[in-house]
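Residue numbers (our numbering): 64 to 823.
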DNA sequence: GGAGCTC
DNA sequence: GAGCTCCAACGCTCT
DNA sequence: AGAGCG
């Protein structure tokens, strides 16, 4: 072990990291610590595609400018927990990554590139994907490679495959199709060859299968050799040993079409992108099909006419949800129902011998390794329940709504005496579980691997609004009231609720009225707006903000009693063991409505179809505005402008800054917000607080920018030194007095009101 | 990057 | 103790 | 037979 080794704990493994400050990419420069960090952060996603595949390491112990070498066999000094597999009698003992710790250990070996075979355990000799490596000659424009990859994608669809794309991390593009692991390599090669030859026939001047340099000249090599025995291709999310440490990055077909080169994807950017938009390949395994040369009927003849027709409707196809799974007759299917009978529960159904083996899961699916959930074996169900969804009428057994929570295919990865391990592949859920019989009909369901992203850990940045001036009209939208209060993300773990502000601050303690008894849920992430309502049911921002600022248990309890808050929930991001952010808005909201218990502090934010009407009503009621949401849209934490629009109900407001609040945070130099009032017929009307958590300096700048916009530069009641707005803002005592008067009850106190009004 | 071998 | 060496592989093509 | 190729 090198002398300066640093020990880290990854899962249950301890790993010695050596030479962390060694530069591996001098052009960055990038040191080894950053490489380890990269692989640590993408490991759960990386493993989804690489787990169980024999590895080739490309190691750069002296950095990308030093010597590089391949390594396949498992060195005998590897820790005992690094797994391995032998492809045949006389082959290597290939290493196989299974857990995050394995990836970190490999990263420490300065193994920048990880390459994998197309087969994986338990059938390493039967590929479960075909890779088409598009390898352009020098000076072949990237855009043209993309075009060719896109065409290849279409040809593959014509043959009934579901293609996925990634950058190679260098000049090329890899098009990958998942297949069922049922054929030997020669059969798979033959199928691949047929499709590639088809493409080459259509694009004679662009593409070739001929591998010799001379014959290739200026054409792209469609390299099928990556599919051969013992051959590997760079793994999805692997780094490449090139300047800047680019990544072999899975992309959606839409993303691919907009790429101009592969430069956006590097060790530095990929973790953020992944966090932002997830893994485009996540559901890949659910789209495995039989190779086209061995199907009973070839689904689509690959003649040019068919392809043209396909191309025509492709725009629609690509932008909408993926189509139905193909070839499902060849693999075992599964469904999980959310069944809101007398007692809410889930039903896990696995296809086996022509029936659905079923278990009732009273508390949903486990969300994390180590979490176990009871699973009670129930009677087998007929296959037709795979897709059944609806309401079981009152009086019948199990009366109540039953939703398809996830459906796709599954594979048993390991059989044990007391149970089995299985992996779910679907659009909704891709995870490994262990089913373990404890006694009789009682089983325990346990999650095996870490999720890509732990939705229940800490806060999730909420999807934000974009302000617009007019109500977007159309059948594409649904409309909700814009509740004027505190945006809050709720995380529920078991029976514990935590509340997070939009900036990720934990505000749980401020609102003791929100507890899990109001929600029919075991684990979840919900999005809503906390409001305090006035006598006629209008949100009073001043009151709720006061709730946010009260300190001390006693004060909070008193405030909660005086001004009880409710929360209008409008979205659901995670539900009992699976993220739902990628389900369409309507589905998320249907689930949400179902999980809110009546007569609690939680309410469902109703939506309506008529935007104009709601807008008019909102204006009449003095509400802040309405929100238009695009139907079918996903939830993109952190933002995605254009999917969610906020409309101000008043446009020509003249605001005046009448004070500021002291911040409630720990930093003494922060100012809470500007207190703004609107000019009305009969004086100033409090409109709320602008921003929060400014430093004095930032606030001065903001005030300077805003003051000229106000009708009067400064209200008359501000004492002395009228010239310097910044100094005016520093009149803390005075403004605090205004603040408290403004916010007691959300109204201007009598005296102050008079003073503000009349007599300015 | 780590280990085994050689001097 | 320092210095050197090893650490892959397939199948096809060209020479 | 051996080197080259990715």
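Idealized CB from N, CA, C, for every residue including glycine.
* Asked: Grouping DSSP H, G and I as helix and E and B as strand, with all else coil, what is residue 537?
  -> Three-state DSSP puts residue 537 in coil, outside helix and strand.
* From residue 653 to residue 580, what does the alpha carbon distance come to, in whole angstroms? -> In a straight line, the C-alpha of residue 653 is about 19 angstroms away from that of residue 580.
* To do: Starting from residue 610, trace the beta strand (DSSP E) both ways and give me its first and last residue.
  => Per DSSP, residue 610 belongs to no beta strand (DSSP E); it is in the alpha helix (DSSP H), 604 to 612.
* Considering only residues of the stretch 192 to 226, which uninterrupted beta strand (DSSP E) runs meet the minimum length of 3 residues and lie entirely inside it, listed in chain order? -> Within the stretch 192 to 226, the complete beta strand (DSSP E) segments of 3 residues or longer fall at 192 to 198, listed in chain order.
* For residue 847, does the three-state DSSP call read helix, strand or coil? -> Residue 847 lies beyond the residue range present for the chain, which begins at 64 and ends at 823; the question has no answer from this structure.
* Three or more beta-carbon pairs under 8 angstroms between the stretch 127 to 134 and the stretch 326 to 346, yes or no? -> Because the criterion of three Cβ pairs below 8 angstroms is not met, the stretch 127 to 134 and the stretch 326 to 346 do not touch.
* Which value, in whole angstroms, describes the spacing of the CA atoms of residue 621 and residue 614? -> Distance between the alpha carbons of residue 621 and residue 614: 11 angstroms.
* To do: Give me whichever residues DSSP pairs with residue 26 in a beta bridge.
  => With the chain represented from 64 up to 823, any question about residue 26 goes unanswered, as that position is not in the structure.
* **Ranges of the beta strand (DSSP E) found wholly within the stretch 408 to 434, counting only runs of at least 3** => Qualifying beta strand (DSSP E) stretches, in chain order: 418 to 424.
* Given a cut-off of 7 angstroms, decide if residue 421 and residue 439 are closer than it, judged by their beta-carbon atoms. => It is not a contact, given that the beta carbons lie outside the stated cut-off.
* Asked: Span of the beta strand (DSSP E) holding residue 508?
  -> Looking at the DSSP string, the run of the beta strand (DSSP E) that includes residue 508 is 505 to 510.
* To the nearest angstrom, report how far apart residue 260 and residue 286 are at their CA atoms. => The alpha-carbon of residue 260 is positioned some 11 angstroms away from that of residue 286.
* To do: Use the C-beta contact count for residue 300: other C-beta atoms within 10 angstroms, 16 or more gives buried, fewer gives exposed.
  => Residue 300 comes out buried.
* Asked: Taking buried to mean at least 16 other C-beta atoms within 10 Å of its own C-beta, is residue 411 buried or exposed?
  -> Classification for residue 411: buried.
* Between which two residues does the alpha helix (DSSP H) containing residue 317 stretch? -> Counting along the chain, the alpha helix (DSSP H) containing residue 317 begins and ends at 316 to 321.
* **According to DSSP, residues forming a beta bridge with residue 72** => 77, per the DSSP bridge assignment.
* Span of the alpha helix (DSSP H) holding residue 652? -> Going by DSSP, residue 652 is part of the alpha helix (DSSP H) stretching over 648 to 658.
* Where residue 676 falls, given that 16 or more other Cβ within 10 Å makes a residue buried -> Exposed, since its Cβ has fewer than 16 Cβ neighbours within 10 Å.
* Can you have a look at residue 518 and say buried or exposed, based on whether 16 or more other CB atoms are within 10 angstroms of its CB? => By the 10 Å Cβ count, residue 518 comes out buried.
* Do the CB positions of residue 237 and residue 196 come within less than 7 angstroms of each other? -> In this structure, residue 237 sits near residue 196, with a CB-CB distance shorter than 7 angstroms.
* Asked: What separation, rounded to the nearest whole angstrom, lies between the Cα atoms of residue 504 and residue 234?
  -> Using only the alpha carbons, I get a separation of about 55 angstroms.
* Taking only the alpha-carbon atoms, compute the straight-line gap between residue 433 and residue 218 and give it to the nearest angstrom. => Answer to the nearest angstrom: the Cα atoms are 44 angstroms apart.
* Going by beta carbon distance, what residues of the same chain come within less than 6 angstroms of residue 829, once the five residues before and after it are set aside? -> The structure shown has nothing for residue 829, since the chain only spans 64 to 823.
* Asked: When the Cα of residue 496 is compared with those of 509, 488, 502, which residue comes out closest?
  -> 509 is the residue among 509, 488, 502 whose C-alpha sits nearest the C-alpha of residue 496.
* Asked: Can you tell me whether residue 70 is buried or exposed, with buried defined as 16 or more other CB within 10 angstroms of its CB?
  -> Classification of residue 70: exposed, given that the 10 Å Cβ count is below 16.
* Enumerate in chain order the residues of its own chain whose CB-to-CB distance from residue 77 is below 6 angstroms, with the five nearest sequence positions on each side excluded. => So the list reads 70, once near-sequence residues are dropped.
* Asked: Between the Cα of residue 136 and the Cα atoms of 85, 549, 148, which residue gives the shortest distance?
  -> Cα-wise, what sits closest to residue 136 is 148.
* To do: Quick one: using the 10 Å Cβ neighbour count with 16 as the cut-off for buried, is residue 691 buried or exposed?
  => Taking every protein chain shown into account, the CB of residue 691 has 16 or more other CB atoms within 10 angstroms, so this residue is buried.
* Closest by CA to residue 306, which one among 419, 319, 93? -> The residue with the shortest Cα to Cα distance from residue 306 is 93.
* To do: Measuring alpha carbon to alpha carbon, tell me which of 571, 559, 526 ends up nearest residue 635.
  => Across the set 571, 559, 526, the C-alpha of 526 shows the shortest separation from the C-alpha of residue 635.
* Tell me which same chain residues have a C-beta within less than 7 angstroms of the C-beta of residue 499, skipping the five on either side of it? -> Counting only Cβ-Cβ distances below 7 angstroms, and skipping sequence neighbours, we find 481, 482, 506, 507, 509.
* Give a yes or no on whether the C-beta atoms belonging to residue 593 and residue 548 are separated by under 7 angstroms. => Going by C-beta atoms, residue 593 is nearer than 7 angstroms to residue 548.
* **7 angstroms Cβ shell around residue 825 - same chain, five flanking residues per side excluded** => No information on residue 825 is available, as it lies outside the stretch 64 to 823 that the chain covers here.
* Could you name the residues of the same chain whose beta carbon sits closer than 7 angstroms to that of residue 374, not counting the 5 residues immediately before and after it, in chain order? => In this prediction, residue 374 scores a pLDDT of 43, lower than 50, which makes its location untrustworthy; no coordinate-derived value is stated.
* To do: Could you spell out where the alpha helix (DSSP H) holding residue 337 opens and where it closes?
  => Element bounds for residue 337: 333 to 340.
* **Local Cβ density within 10 Å of residue 181, reported as buried at 16 or more and exposed below that** => Answer is buried; the Cβ neighbour count reaches 16.
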